[in-house]
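With the working numbering applied, the sequence shown has no gaps in its numbers, which climb one by one up to 116 at the end.
Built from N, CA and C at the ideal position, the CB exists for glycine as well.
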Amino acid sequence: AWDAGLIAGKGRERLSVLFVLRNGPDELILGLRNTGEIALTVDELYIEKPDGTLLRCYDGYVFYMHPVLPEKLRPNETVIFEIMWEEGHGLEIGDEVTVRVLTARGNTFEAEVSVT
């Protein structure tokens, strides 16, 4: 029964990337919203820079992150992540980035956004 629920739920997950905000050379603020019918858990979070390199946004790769992963989101719930790197993120306002989110059910969501 658990496997069936997991598979059925996988197709009902939906997620929107609201924004990526540059807050200085070391910090980004990222907004996500669960636009699906069911709760989901954000397990991994990445930002692909214009040059193709990845900023990993989870423990072991960041100097500071709040909230930390995994982060559970109920339907229509929004989360604002504050993410800081010790050596900076290397992004400027206007840079086009791809935000990639992996959920506990195995879904991957991607969105291309401009850094503001």
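*Since I believe residue 41 is in contact with residue 71 (beta carbons under 8 Å), could you give me their beta-carbon distance rounded to a whole number of angstroms?*
7 Å
_I need the straight-line Cα distance from residue 113 to residue 49, nearest angstrom please._
11 Å
*Given a cut-off of 8 Å, decide if residue 68 and residue 97 are closer than it, judged by their beta-carbon atoms.*
no
*For the candidate residues 84, 73, 107, whose alpha-carbon lies nearest to that of residue 23?*
84
*Could you check where the beta strand (DSSP E) with residue 66 kicks off and where it finishes?*
64–66
*Using CA coordinates, which residue listed in 35, 86, 47, 106 is at the minimum distance from residue 20?*
47
*asked:* Which residue wins for smallest C-alpha separation from residue 80, given the options 11, 109, 29?
replied: 29
*Please report how far the alpha carbon of residue 13 lies from the alpha carbon of residue 109, in whole angstroms.*
10 Å
*Classification of residue 32 by the beta-carbon crowding that lies within 10 angstroms, buried from 16 upward*: buried
*Based on Cα-Cα distance, which residue from 87, 34, 94 lies nearest to residue 18?*
34
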